[in-house]
Structure formats: structure tokens, C-alpha cells
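In my numbering, the protein residues as written are 7 to 423.
Written below as C-alpha cells is the structure these notes are about.
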């Protein structure tokens with residue numbers, strides 16, 4: 007194959023895709039659905055589009071196989087988080103290539119990966135070889151705000167489309183700056199932590215701002231939050247579950263966060279006037295739980311940490327337990343991914359990873375599908391920090407390598423006997 011030519015076409019698709027503003031909210035992911043639909047139809051591939059809400063669309067395309075084996079779905083979300091344009095040094099919807107970096111909102115999360123999948127899908131179609139299973143390409147909206155109008159909708163309304171064995175989506179990748187025996191490591195997502203949003207409420211007595219008193223709600227809340235922060239700093243390894251990470255004494259904060267209870271303060275609200283002591287103060291915690299910790303355990307732990315009965319602790323949102331299923335590890339697809347990684351990085355370490363963040367994979371895993379998270383790239387800490395950040399980018403090296411590896415993985419799984 008002429009990968010130089012293929013990669014340049016892939017880059018053109020990628021830049022076009024980055025230039026579509028699919029910020030969620032409001033979404034407008036119909037732009038992405040129509041973009042892929044036009045290319046696929048020009049290639050002679052039939053598509054389906056599902057409208058889930060105004061200006062929100064899912065694109066679904068399938069290359070039929072012999073059905074000797076159950077299908078593979080290549081899936082990615084088309085929405086991106088909003089940008090603060092004044093904080094970017096490039097146009098967030100420009101798709102510019104500067105110093106071998108491709109910039110744009112969605113460059114790492116996850117428009118690059120969707121194009122890697124798209125290239126694999128197109129190349130396999132163009133070869134006109136019989137597939138041992140159906141190969142599906144699916145682009146969904148609304149992942150960044152819970153997938154109500156995306157994958158969750160599709161699974162609920164069209165279960166007949168999910169008679170598949172495997173799916174590939176986001177949730178794992180290579181870590182360029184973390185090594186074992188001088189070789190990089192690659193994590194493949196097989197599960198994800200449970201998401202739970204907690205609201206803390208302190209009730210006190212109002213009063214004039216000039217008169218300090220002991221029943222100040224903001225003081226009580228501040229004290230509770232300080233205890234939570236101190237507990238995390240002292241106990242950051244208490245809930246380690248991944249024996250692989252622990253046994254290799256990996257201290258990278260990003261990997262550690264994938265395997266322990268984390269609690270981040272994301273909102274604080276109190277008061278309505280500068281000279282009035284508020285009667286109520288509230289804070290929200292974004293909590294990510296390993297599978298070994300239940301929601302009841304979390305509430306009990308918070309009560310013990312805060313040790314103040316005046317603080318009201320309540321769950322305002324939590325993942326359903328059914329959405330925390332784990333994939334099998336010893337499968338044909340995992341063996342192929344390992345093989346392709348080691349063809350490029352001999353003796354690289356490949357390990358099962360629990361994603362610290364939520365992905366659309368959880369809706370598929372709840373149906374018993376082995377939905378893996380793996381972006382075929384070797385990303386530096388700076389590149390990985392681009393998720394939801396300013397000046398998000400992916401290197402051309404990682405993008406081109408990802409296109410080639412994705413094709414290698416998909417073709418070996420679907421074209422072999």
C-alpha cells in the first residue's frame with residue numbers, strides 16, 4: 007500500500023473534520039454525520055442516519071461479512087467540548103498543521119481516532135475481499151454530556167444493530183514517557199471507573215458581614231473540603247486495584263488516577279451579597295470510583311472524613327451499576343492488538359486499563375460486548391494533557407502511525423479465515 011498517499015488523504019479528511027464546529031453544547035453533530043455520509047455514499051457504501059434530537063444525528067455504515075463470526079464496530083463520538091477561543095494560540099476549528107502538530111478541538115479527543123477508523127473502513131471496502139464478520143463504522147453525538155442523544159439512544163432504540171462481538175472506541179493508548187525495561191507501555195481499556203457526583207451542603211445562620219460568628223455556612227463547608235483534600239493527599243494509593251501498575255512501582259499520577267478513588271471539587275456556591283453571611287453553602291465533587299467501592303462505601307467514607315453531622319451529603323448523579331461491566335482480556339482482538347504494537351515496539355508492555363473517564367464503551371459492555379478502548383498512538387504527557395484543554399493537538403507522527411496500525415488491526419481480524 008502507498009501509505010504516504012493514504013496518509014495525506016487521511017490528513018485532509020482530518021482537517022476537514024476538525025473544521026466542523028461540533029461543540030457540545032449545543033452539539034450540531036449533524037455536520038459530522040453528513041460529512042461522512044457524503045464520502046461513504048460516493049464510495050458506494052450504504053449508510054443509515056438516525057436523528058435523535060434537533061441537529062443531532064448518528065451515522066451508521068456496515069460492510070457485510072460472511073457472518074462466520076460476530077461483527078466488529080468502529081465507533082467514535084463526533085461532539086467536542088466547548089472552547090475558550092481567547093486561550094488558544096491557533097484557531098480551534100482550523101485544523102492547522104504547525105511544526106508537525108495538528109491543532110484543533112477534538113484533535114486528541116477524539117476526531118483523530120475516528121479518522122483512523124474511517125481510513126481502515128474505506129481501505130477494507132476498496133479491497134473488495136470477503137470479510138469473516140460484519141464491519142461497522144458508527145459516529146455518535148453527545149458523548150461529552152452523557153450520550154443521551156448518542157450511543158445510549160442507539161443501544162436502547164436499535165438493539166438489532168449490536169449483534170457484534172467486538173467494538174473499538176477511546177479509552178486507552180500508549181504512554182511515551184512511561185517505560186518498563188526501557189520500552190514504552192500501552193494500556194487497553196477494558197473497563198471504566200464509576201462516575202458519581204456528590205453535593206455537599208452546609209447550613210448555617212445568616213448575618214451581617216461585619217459580625218463574625220461560629221455558624222457561618224461557608225466556614226463549615228471550607229473545613230469539610232479541606233479535610234477531603236488532605237485525605238486524598240495522604241491516601242492516594244489506598245484503593246489500588248491494578249496489580250500490574252502496583253508491582254511495577256509506576257508513580258505517574260495519570261495512571262494512578264485510573265485505579266483509585268478520586269474526588270475533585272468542581273463547583274462551589276454560596277451567598278448573594280457581599281455584606282451578607284450566607285445561610286447556605288454548597289459544593290459539588292466529581293468522584294470516580296474503582297469497581298471495588300460502592301456508592302454506599304463512598305458516602306460512608308465522606309462522612310468519616312468530614313466528621314461533621316451538619317454537612318449534608320447527597321448523590322446528585324451516578325452511573326448505573328450495569329454500565330460498569332468489564333471486557334474479557336484473552337480474546338482474538340486483544341492478541342492482534344498486542345501483536346501489532348510489538349511489531350512496532352518490540353517488547354513493549356501491553357496491559358489492561360481501567361479508564362478514569364467515561365466513554366461510550368460502557369453502553370456496549372452492558373450488553374456483553376467486548377468494547378475496548380484503544381487509540382493506536384504513543385502519546386507524550388503534553389499530548390495527553392490536550393484532552394479538554396487549550397491548544398489541543400496530535401502529532402503527525404502519531405496520527406499517521408494510528409491510521410496504519412488501525413488498518414493492520416482491523417484487516418487482520420476481519421480478513422483472516
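All residues carry an ideal CB built from backbone N, CA and C; glycine is no exception.
Quick caveat, the model's predicted, so the values are computed rather than measured.
Item to check | Counterpart residues of residue 145 in DSSP-defined beta bridges | outcome: Residue 145 is bridged to 65, 82.
Checklist entry - Closest by CA to residue 434, which one among 363, 335, 396? => result This structure gives no information on residue 434, because the portion of the chain shown stretches from 7 to 423.
Item to check | Three-state class that DSSP yields for residue 131 in the structure shown | outcome: In this structure, DSSP gives residue 131 a helical state, which the three-state scheme calls helix.
Item to check | residue 109 versus residue 399: straight-line alpha-carbon distance, rounded | outcome: Cα-Cα distance, rounded: 4 Å.
Item to check | Beta-carbon proximity of residue 205 to residue 312, cut-off 7 Å | outcome: Taking 7 Å as the Cβ cut-off, residue 205 and residue 312 do not qualify as a contacting pair.
Checklist entry - Helix, strand or coil: which one does DSSP assign to residue 237? => result DSSP places residue 237 in helix when its eight states are reduced to three.
Checklist entry - Cα-Cα, which of 105, 50, 41, 92 is closest to residue 84? => result Closest by alpha carbon: 41.
Checklist entry - Candidates 264, 265, 290: which alpha carbon is nearest residue 276's? => result For residue 276, the closest alpha carbon among the candidates 264, 265, 290 is that of 290.
Item to check | Short Cβ contact (7 Å threshold) for residue 201 with residue 80 | outcome: The criterion of a C-beta distance shorter than 7 Å is not satisfied by residue 201 and residue 80.
Item to check | Nearest neighbour of residue 19, chosen from 55, 53, 100 [CA to CA] | outcome: Distance from the Cα of residue 19 is smallest, within the candidate group 55, 53, 100, for 100.
Item to check | Counted within 10 angstroms of its Cβ, other Cβ atoms place residue 240 as buried (16 or more) or exposed | outcome: Under a 10 Å Cβ-count criterion, residue 240 is classified as exposed, with fewer than 16 other Cβ atoms of the shown protein chains found around its own Cβ.
Checklist entry - Taking buried to mean at least 16 other C-beta atoms within 10 Å of its own C-beta, is residue 189 buried or exposed? => result Its Cβ having fewer than 16 others within 10 Å, residue 189 is exposed.
Checklist entry - residue 200 bridges to which residues according to DSSP? => result For residue 200, which the question treats as bridged, DSSP gives the partners 295.
Checklist entry - Should residue 279 be labelled buried (16 or more other beta-carbon atoms within 10 Å of its own) or exposed? => result Answer is exposed; the Cβ neighbour count stays below 16.
Checklist entry - Near residue 191, which residues of its chain fall below 6 Å by C-beta distance, leaving aside the five closest residues on each side in sequence? => result The answer, listed in chain order, is 181, 184, 355.
Item to check | DSSP beta-bridge partners of residue 190 | outcome: Looking at the DSSP assignment, residue 190 forms a beta bridge with 185.
Checklist entry - Are there 16 or more other CB atoms within 10 angstroms of the CB of residue 244, so buried, or fewer, so exposed? => result Bear in mind that a pLDDT of 43 at residue 244, under 50, signals an unreliable position, so the number given afterwards is only what the model happens to contain. Counting the other Cβ atoms within 10 Å of the Cβ of residue 244 gives fewer than 16, which makes it exposed.
Item to check | residue 378, DSSP secondary structure in three states | outcome: Here residue 378 sits in strand by DSSP.
Next on the checklist: Can you confirm whether the segment 369-383 touches the segment 331-351 when touching is taken to mean that 3 or more C-beta pairs between the two stretches lie within less than 8 Å?
Outcome noted: They touch, by the three-pair rule.
Item to check | For residue 272 and residue 136, the rounded distance between their alpha carbons | outcome: Linking residue 136 to residue 272 through their CA atoms gives a straight-line distance of about 51 Å.
Next on the checklist: Just to confirm the assignment, what range does the beta strand (DSSP E) spanning residue 270 have?
Outcome noted: Unbroken beta strand (DSSP E) run through residue 270: 268-276.
Next on the checklist: Report the start-end ranges of each beta strand (DSSP E) in the segment 299-325 that is 3 residues or longer and not cut off at the edges.
Outcome noted: Whole beta strand (DSSP E) segments, 3+ residues: 317-324.
Checklist entry - Can you name, in chain order, every residue of its own chain whose Cβ lies under 7 Å from the Cβ of residue 33, other than the five neighbours on each side? => result Excluding positions up to five away in sequence, the list reads 61, 62, 85, 147, 148.
Item to check | residue 76 - partner residues in DSSP beta bridges | outcome: The partner list for residue 76 (beta bridge, DSSP) is empty, contrary to what the question assumes.
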